[in-house]
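Heads up: the structure comes next, in structure tokens.
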Amino acid sequence: MQKIKYIGISLCTLLFTQCEVQYNDFKPSNGEADFTTFVALGDSYTAGYTDGALGKKGQENGFSYILAKQLEQVGSTGFIQPLVESEKSVGSTEIAPGVMNGYYELQGSGSSLTPVPTVGDMGIFTERVYDANGPVQNLGVPGAKVSHLLAPGYGTMNPYFWRFASDAASTSVVADAIAQNPTFVSLWIGGNDVLTYALAGGEADEITAPEAFGQYMQTVAASLFSNGTKGVIANVPDINDLPYISTIPYNALFIDKATADLLNAAYAQYNVASDMMGLPKIEFKSGFNALVIADEEYAHPGKIRQIKAGEKVLLPALSSIKNSEIGWGSKVAIPEDYVLDETEIAGIATATVAYNNTIKAIANSQDYNLAFVDLNALMNKVSNEVFVVDGIEYTSTFVTGGVFSLDGIHATGRGSAIIANEFIKAINEKYNCNIPEAAVNEYSAVEFPDVE
Amino acid sequence: MKKLIFAISLAALSYTGKAEGYQVNTQSQKNVSMGHTGAGLMLGSSSVHFNPGALALMQKKYDFSFGGTLVFSKVTYSKYDSNYQAETDSPTGTPFYFYGARKLSDKFVLSLGITTPYGNSLAWDKEWDGRYLIQDISLQAIVAQPTLSYKINDKLGFGIGAMVVYGAVDLNRALPVGSAEESASVNLKGNKTSFGFNTGIYYQASEAFSVGLNYRSKVKVKLEGGDVTFTGPESLYDYAFPRSTKFDAELPLPANLTLGMGYKLNKKLTLAADFQYVFWNAYEELNFDFESELVADSNNPRNYDNTLIYRLGAEYILNNIITIRAGAYYDETPISDDYLNPETPGMNKVGLSFGGSIAVNDKLTVDASFLYILGIERTSQYKPAGFKGTYNSRAIIPGIGLTYSF
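Protein chains in written order, with our numbering: chain A, 70 to 521; chain B, 1141 to 1546.
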């Protein structure tokens, strides 16, 4: 009896203590790469710009920061960011004379939910966060194009770079990167070479010529990587995958019969001229209608027409289209700087393809030893396929899609983590290392208001 | 907006089964300690559950037994290609059983069983990585089974009982639409009484050898008008989701066919083996219909496979007072790769058990059991939600009960 008791008790003890539930521990390794000193070069995406502005929230949810945090598991000694000291943020749209926007926030409720810009803190542009003892390793500069990374004194042109440049008047982004003797470099640049033009409806700035882009890109790559420094390079997503470009369909004008009749009457005179010139009329029916846009190049003396299926109306036109008092796209033509016509679209598409060929060629070049991230393919997948991560289905839908923030261009924290994981996959494959991927659900998403 | 909030892919209600998924079988301490064998044994009134046919051969006039069990279980999750890890903090399960059998005549035995064969609870942290699949779930089922057994001859018995199954579910799941303060979530709650049957035949081939075949039918649980409650940012109510609505769902508790054998090696030692076939393929999909137009109905493939559970047990009568028992089983998971969900982190399991009875007098015995279940590490994903990782599990299950017969 005593013996049985004894055996019973020892068995219990054994089971309770020896049989703790196991985990499958991840085994990080740096493989053939050295992540000791990691720097990231790029534009607003690398900087952690989100919801239309740069602020601490975005910097701590940006893709380069998320990537850097994961690299700490495989030898990175840290990642110094030019963190915004203000509690606020600052963007690049002037909302009042001398005042830039801050983060966009959702206001309203239900179908009236709208992103509204907060007031930016201009003081952020006068924060100098450069420290010679700990130079900044997130060298992402909002607004930067490829050529800007090479430009000495770029800090005098771009206040975001001025904040952390070693010497704003003379240094370049690339020079500040090289000065740190990085062992691993992330380079994602080129988006703004078409995007700055696209966001202006093709009416300001210009597309960087693919030949020039190629030369700049080769120079950047040679400066960073020709000494054998390892790194990762990413390509440029198609702008059509951005909510800013894709949210408003060409036939967004939904009206009833009565409104259609009124509009048809209003355009009667225009249509007389159309008939005479053999040009398409402007016509409306009940249901969905092509929007009316301004087009200075158009043969019709009215210099307006209905938009074609492949042409794009930019996101900021949305409220003026919805507001029937203003009547953009119906009573009034949408101004040209809110529209990308087919010529502009084609120019952007051609340039994007050429840029990405250049980037791919650099990634494949024997002169360098680089991992390649096909972000164009990733964004395409998000836009066009079922894309599910850890229980959430992501799309490129504005506000609710999950990947893009309230500016319709930049990523949310979770979108950034998805991007960072694409970088990690590419690096792991190239250098036979084992960097843990980020848990996407730990990062921020669009915030919905609690109170109307 | 509809698409954003759901598909509610509530795999949750898949907690139905026999042992797998911590549907630990604890229907009698005697049987538990013998690897939960029993279809080919006559161990007393617990045959109501294990094989109503065996009860026909009951010797005593009355046999009552009841008992309770504590289930301490833990599941761990290690995210695929990541160093993220999590573990459950599930409340202690408390299954119980009661059986009473009375010999009506030489031929007939009337009995009643009340068991909790499908109870379970699983709780992950509210903010864990898989919160959009499941935060926590509690499933309770109580089966009442009035049973009649008939002795065909001195060696052959037949029995059949009606199963009245009361099932209740309560689960929480996060939704990917938060405010600055809190993330959104949905609670589903419902209960339903359903019916099935349990039948078996038992053959005492010789003094030493007995064999039994038990069939427990499928039970279709049709939840109707269950409560759905949403918690989320004020700005999204009645737009992305209603404050509350109703849901309907149907899921099958699968049929079981068990072949059991008992062999008395000598006066003291009895060996038992059960082969339990579970018709899991009844569980093809789980569909939810929501009353509110705002919530999209959701269809979730399950594609479970039939499984076989192998059980072995032994009983040794030490003396007039003490009987000791031990057993083991191997339980296959019905959940195929690509459908492994943290709501039901199914994996193949090994169960080891031991226990015993102490006779207090010639009528009353105290039965105790100890069961240890080790889940065999499994790496897989729930593909519809893109959620992949490695799961490990373990359960420690002590139980105690009384048998009173005369």
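Beta carbons are placed, not taken as given, at the ideal position from N, Cα and C, and that holds for glycine.
My assumption, with CB atoms under 8 Å, is that residue i sits in contact with residue j. Please give the rounded CB distance.
i	j	result
LYS377 (chain A)	GLU411 (chain A)	6 Å
VAL243 (chain A)	LEU293 (chain A)	7 Å
LEU256 (chain A)	GLY482 (chain A)	Not confirmed; about 22 Å, so no contact.
LEU1542 (chain B)	GLY1207 (chain B)	7 Å
PRO1474 (chain B)	ASP1445 (chain B)	5 Å
SER1375 (chain B)	LEU182 (chain A)	6 Å
THR1256 (chain B)	ILE1282 (chain B)	6 Å
TYR407 (chain A)	PHE282 (chain A)	Not a contact, Cβ separation roughly 26 Å.
Give the residues of chain B in contact with residue i, contact being defined as C-beta atoms less than 9 Å apart.
i	result
TYR53 (chain A)	Here chain A comprises residues numbered 70 to 521, so residue 53 (chain A) is not present and cannot be evaluated.
LEU182 (chain A)	SER1375, LEU1376 and TYR1379
ALA514 (chain A)	PRO1316, VAL1317, GLY1318 and SER1323
Cα separation between residue i and residue j?
i	j	result
ILE164 (chain A)	ASN170 (chain A)	6 Å
VAL1215 (chain B)	VAL90 (chain A)	7 Å
SER161 (chain A)	TYR463 (chain A)	27 Å
LEU311 (chain A)	SER393 (chain A)	26 Å
ILE317 (chain A)	ALA337 (chain A)	26 Å
MET1141 (chain B)	GLU1431 (chain B)	Low confidence applies here, because MET1141 (chain B) scores a pLDDT of 40, under 50, leaving its location unreliable; read the following figure in that light. One C-alpha to the other measures close to 17 Å.
VAL468 (chain A)	SER1186 (chain B)	59 Å
LYS126 (chain A)	LYS1219 (chain B)	26 Å
GLY396 (chain A)	GLU275 (chain A)	29 Å
PRO204 (chain A)	GLN150 (chain A)	9 Å
PHE357 (chain A)	LEU383 (chain A)	18 Å
HIS201 (chain A)	ALA234 (chain A)	The sequence given here has Ala at residue 201 (chain A), not His. So the two alpha carbons sit approximately 10 Å from each other.
ALA267 (chain A)	LEU409 (chain A)	7 Å
SER562 (chain A)	PRO404 (chain A)	Outside the displayed span of chain A (70 to 521) sits residue 562 (chain A), for which this structure offers no information.
ASN1354 (chain B)	TYR1544 (chain B)	25 Å
GLY300 (chain A)	ALA489 (chain A)	14 Å
ILE193 (chain A)	PHE323 (chain A)	43 Å
PHE456 (chain A)	LEU1181 (chain B)	53 Å
PHE1335 (chain B)	ASN1406 (chain B)	41 Å
SER216 (chain A)	ASP1378 (chain B)	50 Å
ALA1314 (chain B)	LYS1201 (chain B)	54 Å
ASP1294 (chain B)	PRO1538 (chain B)	36 Å
For a contact defined as C-beta to C-beta under 7 Å, what are the partners of residue i on chain A?
i	result
PRO1231 (chain B)	By Cβ distance, chain A contributes nothing, its closest Cβ being about 17 Å from PRO1231 (chain B), past 7 Å.
So which residues on chain A does residue i lean against when the C-beta distance must stay under 8 Å?
i	result
SER1222 (chain B)	PHE95, PRO505, GLU506, ALA507 and ALA508
Looking only at C-alpha atoms, which of the options sits nearest to residue i?
i	options	result
TYR199 (chain A)	A:VAL168, A:TYR172 and A:LEU152	A:LEU152
SER155 (chain A)	A:ARG483, A:THR195 and A:GLY179	A:THR195
LYS1408 (chain B)	B:LYS1360, B:ASN1460, B:TYR1306 and B:VAL1326	B:ASN1460
SER1213 (chain B)	B:GLY1301, B:ASN1532, B:LYS1358 and B:LYS1362	B:ASN1532
PRO221 (chain A)	A:ALA246, A:ALA514, A:ALA109 and A:TYR172	A:ALA246
MET286 (chain A)	A:VAL455, A:PHE492, A:ILE302 and A:LEU136	A:ILE302
GLU1424 (chain B)	B:GLY1178, B:PHE1415, B:ASN1440 and B:LYS1243	B:ASN1440
ALA102 (chain A)	A:ALA495, A:GLY416, A:ALA508 and A:PHE517	A:ALA495
VAL1351 (chain B)	B:VAL1305, B:GLY1400 and B:VAL1361	B:GLY1400
ILE428 (chain A)	A:GLU272, A:ILE373 and A:THR288	A:THR288
ALA1395 (chain B)	B:TRP1420, B:THR1385 and B:THR1166	B:TRP1420
ALA11 (chain A)	A:SER295, A:GLY470, A:ILE504 and A:ASP307	Nothing can be reported for residue 11 (chain A), as the shown portion of chain A is limited to 70 through 521.
PRO306 (chain A)	A:LEU332, A:LEU447, A:VAL361 and A:VAL458	A:LEU447
PHE1248 (chain B)	B:ASN1260, B:THR1339, B:ASP1507 and B:LEU1195	B:LEU1195
MET191 (chain A)	A:ASN453, A:VAL159, A:SER145 and A:TYR229	A:VAL159
Give me the chain B residues within the contact set of residue i, using Cβ-Cβ distance strictly less than 8 Å, ordered along the chain.
i	result
PRO518 (chain A)	SER1319, PRO1373, GLU1374 and SER1375
GLY177 (chain A)	SER1375
ASP476 (chain A)	Under the 8 Å cutoff, chain B gives no residues; its nearest Cβ is about 18 Å from ASP476 (chain A).
ALA269 (chain A)	By Cβ distance, chain B contributes nothing, its closest Cβ being about 31 Å from ALA269 (chain A), past 8 Å.
Using a cut-off of 7 Å between C-beta atoms, extract the partners of residue i located in chain B.
i	result
VAL242 (chain A)	Result: empty, since nearest Cβ-Cβ is about 31 Å, beyond 7 Å.
Which residues in chain A sit within 9 Å of residue i, going by Cβ to Cβ distance?
i	result
GLY1526 (chain B)	PHE456, VAL457, VAL458, ASP459, GLY460, ILE461 and GLU462
Is residue i near the ligand ZN - that is, is its Cβ less than 8 Å away from at least one heavy atom of it?
i	result
GLY356 (chain A)	Absence of the ligand ZN from the depicted structure is noted, as is the absence of any ligand whatsoever, leaving it without description.
Can you confirm whether residue i, when its beta carbon is compared against all beta carbons of chain C, has any partner nearer than 9 Å?
i	result
GLU366 (chain A)	Annotation note: the requested chain C is absent from the structure, which comprises protein chains A and B.
### Task
Would you list, in chain order, the members of the stretch 1252-1275 of chain B that have their beta-carbon closer than 8 Å to a beta-carbon of chain A?
ASP1269, GLY1270, ARG1271, TYR1272 and LEU1273
### Message
What are the residues in the stretch 1307-1339 of chain B lying within 7 Å of chain A by C-beta distance?
### Response
PRO1316, VAL1317, GLY1318, SER1319, ALA1320 and GLU1321
### Message
For the stretch 1368-1397 of chain B, list every residue whose C-beta sits within 9 Å of some C-beta in chain A, in sequence order.
### Response
GLY1372, PRO1373, GLU1374, SER1375, LEU1376, TYR1377, ASP1378, TYR1379 and ALA1380
### Query
Using Cβ-Cβ distances below 8 Å, what residues of the stretch 1496-1520 of chain B are close to chain A?
Along the stretch 1496-1520 of chain B, going in chain order, the ones with a CB nearer than 8 Å to a CB of chain A are GLY1496, PHE1510, TYR1512, LEU1514, GLU1517 and THR1519.
#### Entry: Selection of the stretch 1445-1457 of chain B by Cβ proximity to chain A, strictly under 7 Å
Cβ contacts with chain A: none found.
### Query
Can you list, in chain order, the residues of the stretch 142-174 of chain A whose Cβ is nearer than 7 Å to any Cβ on chain B?
GLN142
### Task
Taking a Cβ distance cut-off of 7 Å, strictly less, list which residues of the stretch 466-500 of chain A are near chain B, in chain order.
For the stretch 466-500 of chain A, which is checked against every Cβ of chain B, the residues closer than 7 Å are THR469 and GLY471.
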